[in-house]
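First the structure, in the form of structure tokens, and then the observations on it.
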Amino acid sequence: MSTNIAIIEDEKSLITMLKYNLEKEGFRVTSAETGDDGLKLLKSQIPDLLILDWMLPDFSGIEICRHIKRDTKLKSIPVLMLTARSEEDDKIRGFETGVDDYVTKPFNNKELLLRVKSLLKRAKPSLLEDVAIFKDLKVDRITKKVFRASKEIKLGPTEFKLLNFFIKSPQRVYSREQLLNSVWGENINVEARTVDVHIRRLRKAINIDNKEDLIRTVRSSGYSLDF
Numbered sequence: 060m061s062t063n064i065a066i067i068e069d070e071k072s073l074i075t076m077l078k079y080n081l082e083k084e085g086f087r088v089t090s091a092e093t094g095d096d097g098l099k100l101l102k103s104q105i106p107d108l109l110i111l112d113w114m115l116p117d118f119s120g121i122e123i124c125r126h127i128k129r130d131t132k133l134k135s136i137p138v139l140m141l142t143a144r145s146e147e148d149d150k151i152r153g154f155e156t157g158v159d160d161y162v163t164k165p166f167n168n169k170e171l172l173l174r175v176k177s178l179l180k181r182a183k184p185s186l187l188e189d190v191a192i193f194k195d196l197k198v199d200r201i202t203k204k205v206f207r208a209s210k211e212i213k214l215g216p217t218e219f220k221l222l223n224f225f226i227k228s229p230q231r232v233y234s235r236e237q238l239l240n241s242v243w244g245e246n247i248n249v250e251a252r253t254v255d256v257h258i259r260r261l262r263k264a265i266n267i268d269n270k271e272d273l274i275r276t277v278r279s280s281g282y283s284l285d286f
């Protein structure tokens, strides 16, 4: 699935449980235990969805959400708030700040997974589809096959991961660091220029038969799937 979910939660046992259940469903999970570390995490590796605790040791979840929605690079992240608060006024305050959905503690794991998938499907439907399409480019996530105008394209594993990541948010520009963290993983010791090598391979593979170049290089910023 290669869908990235970030968790900002100060209870280690809850993080462990959430990671286990989400990774079992095929999601990639990163986490932080404070609001400050959480914001750094979000900026280094923009996730597809954020699970955010209301009560944190340094900032409240509301403050974190307010910061996210003011940041042009982060504001599109769907936010699922975990809270022990069940008062209607608190939930209204959260929704007004930009929270997309709530799960009240203690919660059922199946319910949380359903809410995660429902929120992803609503906010970013292309993340959960078996087949993703951009212009005449098609990525089959089940068979791991790629087609350009019905012609199959052979990609290496890393190039497939790159394309699958790009096609989740076409026209969005990602820096080399963001691509490294999201495609290779944040703990992998790989140089940023490695991204350039694989981008060249991906570009050469998908731009077959002199077709339109779908990989855009943005000077001093990074790359995007664009036209």
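Sequential numbering of the sequence shown, starting at 60, is according to this note's numbering.
Yeah, the Cβ is synthetic: ideal placement off N, Cα and C, and Gly gets one too.
C-beta neighbour in chain B for residue i, strict 8 angstroms
| i | result |
| --- | --- |
| Leu284 | Judged by its chain identifiers, the structure shown contains no chain B, having just a single protein chain. |
Counterpart residues of residue i in DSSP-defined beta bridges
| i | result |
| --- | --- |
| Ser283 | Arg275 |
| Lys204 | Asp199 |
| Asn63 | Arg87 |
| Lys210 | Arg207 |
| Phe166 | Beta-bridge pairing links Phe166 to no other residue. |
| Thr217 | Thr217 pairs with nothing; no bridge assigned. |
| Phe154 | None; Phe154 has no bridge partner. |
| Tyr161 | Met140 |
Cβ neighbour criterion (16 or more within 10 Å) applied to residue i
| i | result |
| --- | --- |
| Pro116 | exposed |
| Lys169 | exposed |
| Lys213 | exposed |
| Arg181 | exposed |
| Ile136 | buried |
| Arg129 | exposed |
| Ile127 | buried |
| Ala208 | exposed |
Through-space distance from residue j to residue i, alpha-carbon basis
| i | j | result |
| --- | --- | --- |
| Ile121 | Pro106 | 18 angstroms |
| Thr131 | Leu100 | 16 angstroms |
| Phe193 | Leu108 | 22 angstroms |
| Glu271 | Phe286 | 7 angstroms |
| Ile64 | Ser279 | 27 angstroms |
| Val256 | Leu111 | 36 angstroms |
| Tyr233 | Val242 | 11 angstroms |
| Lys197 | Lys204 | 8 angstroms |
| Asp69 | Ile201 | 36 angstroms |
| Ser119 | Arg231 | 29 angstroms |
| Lys164 | Leu77 | 13 angstroms |
| Lys71 | Gln237 | 26 angstroms |
| Asn167 | Glu211 | 43 angstroms |
| Val162 | Gln104 | 24 angstroms |
| Val138 | Pro216 | 30 angstroms |
Sequence-distant residues of its chain with Cβ nearer than 6 angstroms to residue i (five each side left out)
| i | result |
| --- | --- |
| Phe225 | Leu284 |
| Thr156 | Ile121, Cys124 and Arg125 |
| Ser90 | Ile66 and Ile74 |
| Arg275 | Ser283 and Asp285 |
| Val175 | none |
Proximal residues to residue i (C-beta, below 7 angstroms), its chain only, five neighbours per side dropped
| i | result |
| --- | --- |
| Leu239 | Val249, Ala251 and Val254 |
| Glu82 | Val88 |
| Gly244 | none |
| Arg235 | Ala251, Val254 and Gly281 |
Assumed close pair residue i, residue j - CB separation to whole angstroms, cut-off 8 angstroms
| i | j | result |
| --- | --- | --- |
| Phe265 | Tyr282 | It is Ile, not Phe, that sits at residue 265 in the sequence shown. Their Cβ separation, rounded to whole angstroms, is 13 angstroms, which puts Ile265 and Tyr282 out of contact at 8 angstroms. |
| Leu172 | Asn80 | 6 angstroms |
| Lys183 | Lys150 | Wrong, their Cβ atoms sit about 23 angstroms apart, outside the cutoff. |
| Asp159 | Leu178 | 6 angstroms |
| Arg260 | Glu218 | 5 angstroms |
| Trp113 | Thr142 | 4 angstroms |
Same chain only: Cβ atoms within 8 angstroms of residue i, ignoring 5 sequence neighbours per side
| i | result |
| --- | --- |
| Ile247 | Leu239 |
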